[in-house]
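Beneath this line is the structure, given in structure tokens, with notes to follow.
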Amino acid sequence: MARPWASAAAALSAIGVSLLIAAPVASGAPGGGASEDQKPGDPPGNNGVVKVNDEELDDIPNNDPHVDCVFNVDFYNYDEGDDYAADVEFTLHNPTGDGTFDVTSGDLAPYIGEDPAGGGKDVDARETYRLEFTGDPHPQQGYHVKLTIHAPGSIGADVKHKVFWVQPCSEEGAEPTPPAPGHSSPNSPPEEQPAPPVPTVVEAGFGPSGDPAGQESAAGTWLVLVLALTAGSAVLVPAGLVPLARRGRYEI
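First residue of the sequence shown: 1164, per the working numbering; consecutive thereafter.
Okay, structure coming up:
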């Protein structure tokens, strides 16, 4: 007669052997580990990367907390899809409260689904934006701006945020301030001075008008002067008549 406990032990041994044989088969079966279609650098989830920078595109995803009013937004490691376009939104952020701004250049819905996700250095898109503000900026920092990105293809949340400072654009083409009265601009040409008057010169024996009366008056004056000099007397020369030369030229 077989003992009951011996039969139970034999049954347990058989079950243990079966489990040891089945374990390697289960570990190699499809679905037991990572998916064969899963690419390195493309894990499920919100794995896209957004960077704001003021430099030319390079291999390193840089992020600059202070940029000029013209800056770049780079998109990395987003999934592939024909209709995968990002939704880009800029808003003012504290402590910048008052004022408004306009996005005067840059695509607010750039296409980012050209290729599968390839890691943190896989550039999917790059856009250059220009923001023009109204209102007073912070004297050192400029305007505080928040960037929000919604991108399709993510599992779960699809949003990314960046907060950074933007300097106001310089005023181009502004009219120069006119100089104060009595002061000339350093680049203005010197003012022309009026030319000195040219003295009127007439031949002795002719009046300014050249008429016979003028001729007789000049001849009479000339005769009186000659007689006075010959006699050694002092004679008053009519005002405005000054001898210029011995040949009888006078300046009036």
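We put the beta carbon where it would ideally sit given N, CA and C, even for glycine.
- Apart from the 5 residues on each side of it in sequence, Y1292 sits with its Cβ closer than 7 Å to the Cβ of F1234, V1236, V1266, S1268, G1269 in its chain, given in chain order.
- By the Cβ-count criterion, V1322 is exposed, with fewer than 16 other Cβ atoms from all chains shown falling within 10 Å of its own Cβ.
- Contact check for T1263 and Y1306: beta-carbon distance about 10 Å, past the 8 Å limit, so the pair fails to qualify.
- Unbroken alpha helix (DSSP H) stretches of 4 residues or longer found wholly inside the stretch 1278-1306: none.
- Around the CB of A1288, 16 or more other CB atoms lie within 10 Å, so the residue is classed as buried.
- V1215 sits close to L1310, with the two beta carbons spaced by under 8 Å.
- Beta-bridge analysis with DSSP links D1270 to no other residue.
- Remark: C-beta atoms of G1244 and G1281 do not approach each other more closely than 8 Å.
- According to the DSSP assignment, E1252 belongs to the beta strand (DSSP E) that extends over 1250-1255.
- Closest by C-alpha distance to S1317, out of T1254, E1334, Y1247, N1257, is Y1247.
- The straight-line gap separating the alpha-carbon atoms of L1294 and V1326 is approximately 14 Å.
- The beta carbon of D1299 lies closer than 8 Å to those of D1261, G1262 in the same chain, with the five residues before and after it left out.
- The C-alpha of A1249 is placed about 5 Å away from the C-alpha of A1314.
- In the displayed model, I1312 falls within a strand according to three-state DSSP.
- Looking at the DSSP output, N1226 shares a beta bridge with no other residue.
- The beta-carbon distance between P1279 and D1242, rounded to whole angstroms, is 7 Å. This is short enough to meet the 8 Å contact definition.
- According to the DSSP secondary-structure assignment, D1231 is paired through a beta bridge with no residue.
- If you ignore the 5 residues before and after N1210, its C-beta comes within less than 7 Å of the C-beta of N1240, A1280, all in its own chain and listed in chain order.
- Of the residues D1231, A1358, G1283, the one whose Cα lies closest to the Cα of V1329 is D1231.
- The bridge partners DSSP lists for D1217 come to none.
- Within the same chain, and ignoring the five residues on either side of T1254 in sequence, the residues whose Cβ sits closer than 6 Å to its Cβ are K1309.
- Take the alpha-carbon of T1297 and the one of P1331: they are about 9 Å apart.
- In the displayed model, D1265 falls within a strand according to three-state DSSP.
- Look at Y1241 here: in three-state DSSP terms it is coil, with no helix or strand label.
- Between the alpha carbons of I1312 and F1238 lies a gap of roughly 10 Å.
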